[in-house]
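Worksheet for the structure shown next.
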Amino acid sequence: LKLRQELHHVIQSQNYFDFFAATQLLMAATTTFAPTLWYHCADSKVPKSMDIVATSQAAADMESTVLCGLLNGVTELPPGPALAQECVVRRSEIFEGVQQVEHTLSDSEWFVEKFARDPRLCSTSELELLADRLECAVGMIRGLRTGAGVLGNLDGSKDSTLLPRLRNLERRATDLSSVLQRLIGRNVEVVHEAQDELDILWGGFKEVYDAFTYVLDTDVAPVLRRLPGMFD
Numbered sequence: 001l002k003l004r005q006e007l008h009h010v011i012q013s014q015n016y017f018d019f020f021a022a023t024q025l026l027m028a029a030t031t032t033f034a035p036t037l038w039y040h041c042a043d044s045k046v047p048k049s050m051d052i053v054a055t056s057q058a059a060a061d062m063e064s065t066v067l068c069g070l071l072n073g074v075t076e077l078p079p080g081p082a083l084a085q086e087c088v089v090r091r092s093e094i095f096e097g098v099q100q101v102e103h104t105l106s107d108s109e110w111f112v113e114k115f116a117r118d119p120r121l122c123s124t125s126e127l128e129l130l131a132d133r134l135e136c137a138v139g140m141i142r143g144l145r146t147g148a149g150v151l152g153n154l155d156g157s158k159d160s161t162l163l164p165r166l167r168n169l170e171r172r173a174t175d176l177s178s179v180l181q182r183l184i185g186r187n188v189e190v191v192h193e194a195q196d197e198l199d200i201l202w203g204g205f206k207e208v209y210d211a212f213t214y215v216l217d218t219d220v221a222p223v224l225r226r227l228p229g230m231f232d
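UniProt numbering puts the sequence shown at residues 1 to 232.
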């Protein structure tokens, strides 16, 4: 607001010294808005709104890949020792996948907490990478959960901890996705507001600059002679 008033005063008064005072205010205001705005617009776009937990193609593809990998070959085996042994091997792969997902979610939770504290710490590309990781995590969890159910039906083995553990992981992933979407939406609003404010400021600056450029171009010498000390 102060800068807008100064720019209006400069335009009305045509005072050469006020031009530099207004320029200083403009640069001060720019340093306030620019770091956040330009950092998030480094990729020439603001963070997009992402529906991570919906039936996205990436999550569906990951779910299908994990499920096929777990069940490939095992469903064709007849009941017996070979099937039981193969189910043990595949179930161990599920536990490895669970550990991988837990590690991914822990990293993602830390990242979201950092972003919530200071949005300037995270770029657009980082946010999109996190969204992709969460999509893949959700798809992987669903594939592991379905695979665990199929293996249990094949060999009659029941693990009372595995399925609840997977359901808990999916709940963590979806909750984390929801938090991320809210933070992204809030940050988009901040970036747009900062962009609008800078557009207003630069518009005022350009009006002042154009006015004084015209004066200097049409009558340079008289303007310079009025500056104290210029020809001392």
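Even glycine gets a Cβ: it sits at the ideal position worked out from N, Cα and C.
Residue nearest to residue i in terms of C-alpha spacing, selected from the options
| i | options | result |
| --- | --- | --- |
| L67 | Q181, G149, T174, D159 | G149 |
| P79 | N168, G139, L144, L154 | L154 |
| Q100 | N168, S177, A137 | A137 |
| T75 | L151, K114, A116, D61 | L151 |
| E170 | G156, R145, D159, V179 | R145 |
| V102 | K158, S160, A173 | Rather than Val, the amino acid found at residue 102 in this sequence is Glu. When only C-alpha atoms are compared, the closest one is A173. |
| L105 | G69, E63, E96, L134 | L134 |
| D61 | E113, E93, G139 | G139 |
| D107 | E93, R142, E126, V89 | E126 |
| S177 | L166, T161, R165, D132 | D132 |
| residue 290 | L83, S56, E93, L77 | Past the boundaries of the shown model lies residue 290; the chain is included only from 1 to 232, so the question cannot be answered. |
| L183 | S64, E96, V112, N72 | V112 |
| S64 | E96, G73, R142 | R142 |
For residue i, three-class secondary structure by DSSP
| i | result |
| --- | --- |
| N72 | coil |
| D175 | helix |
| D61 | helix |
| D159 | coil |
| I52 | Note that I52 has pLDDT 39, beneath the 50 cutoff, so the model's placement of it is unreliable and no number is given. |
Inter-residue Cα distance where the pair is residue i and residue j
| i | j | result |
| --- | --- | --- |
| V98 | L163 | 11 Å |
| A58 | Q85 | 32 Å |
| Q181 | K114 | 15 Å |
| L70 | L129 | 26 Å |
| P35 | D118 | Any answer about P35 is weak, because its pLDDT of 48 lies below 50 and its placement is not dependable; what the coordinates show is given next. About 12 Å. |
| residue 274 | V88 | Residue 274 lies beyond the stretch modelled for the chain, which goes from 1 to 232, so this question has no answer here. |
| R91 | R167 | 16 Å |
| T161 | A116 | 33 Å |
| A82 | V179 | 45 Å |
| E96 | D175 | 23 Å |
| R165 | D159 | 10 Å |
### Message
In chain order, what are the residue ranges of uninterrupted alpha helix (DSSP H) at least 4 long that sit wholly in the segment 75-151?
### Response
81-117
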